[in-house]
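K.L.:
Numbering follows the working numbering, with no gaps: position 75 of the sequence shown is 74.
Cβ atoms here follow ideal geometry from the backbone N, Cα and C, with glycine treated the same way.
These figures come from a predicted structure and were not determined experimentally.
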Amino acid sequence: MEPSEKETLKKELHKALLGKHFDKETADDCIKRMYCITKSNAVLHAPFVSDRTCAELYERYKAQIKDYNVYDFMVVLNNVIANHYNLLRGWWKNEEWSVLLIKFSEIAVNWLNDDDTPYRGEKAWCVLGA
0 MEPSEKETLK KELHKALLGK HFDKETADDC IKRMYCITKS NAVLHAPFVS
50 DRTCAELYER YKAQIKDYNV YDFMVVLNNV IANHYNLLRG WWKNEEWSVL
100 LIKFSEIAVN WLNDDDTPYR GEKAWCVLGA
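#1: Which residues share a DSSP beta bridge with residue 79?
#2: Given residue 34, which residues of its chain have a CB within under 8 Å of its CB, disregarding the five upstream and five downstream residues?
#3: Given that a residue counts as buried once 16 or more other Cβ atoms are within 10 Å of its Cβ, and exposed if not, what is residue 128?
#4: Around the Cβ of residue 62, are there at least 16 other Cβ atoms within 10 angstroms (buried) or fewer (exposed)?
#5: Within the same chain, show all residues whose beta-carbon is closer than 7 Å to that of residue 78, passing over the 5 residues directly before and after it, in chain order.
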């Protein structure tokens, strides 16, 4: 089987087993490509948050994001941090990381609950997935 055929089969199996949602492997693959460059030109590579902390935050917010699993949330949270790190750090320069993490989590929940998305319940995978 050609590598492209294997990749296509892998995607089809993933879709059949999980639908359009991340699992541990696909979440880790997606997250490891994320990074941000701080205002001081330091490069910060994801994951920005441990799996355990993401799981704890997911438990806190899962009632608000019922159509998504913990891995969807992990990917979106890391993506939000990569994309908005400088913005939130600029607004709250002296804020503790734990407080900023709550703000990032709330942005992630809001992103997942976007009312005008054509990917209701599958936005994380459809926008950020392979």
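P.N.:
Based on what the coordinates show:
#1: Residue 79 sits at position 80 when you count from the first residue of the sequence shown. The bridge partners DSSP lists for residue 79 come to none.
#2: Against the sequence shown, residue 34 aligns to sequence position 35. Closer than 8 Å at Cβ, skipping near neighbours: 42, 43, 44, 45, 81.
#3: For the purposes of this step, residue 128 is taken as the residue at position 129 of the sequence shown. Under this definition residue 128 is a buried residue.
#4: Counting from one through the sequence shown, the residue named residue 62 turns up at place 63. An exposed status is given to residue 62, since fewer than 16 other beta-carbon atoms sit within 10 Å of its beta-carbon.
#5: For this step, residue 78 is matched to residue 79 along the sequence shown. Result list for residue 78: 33, 127, in chain order.
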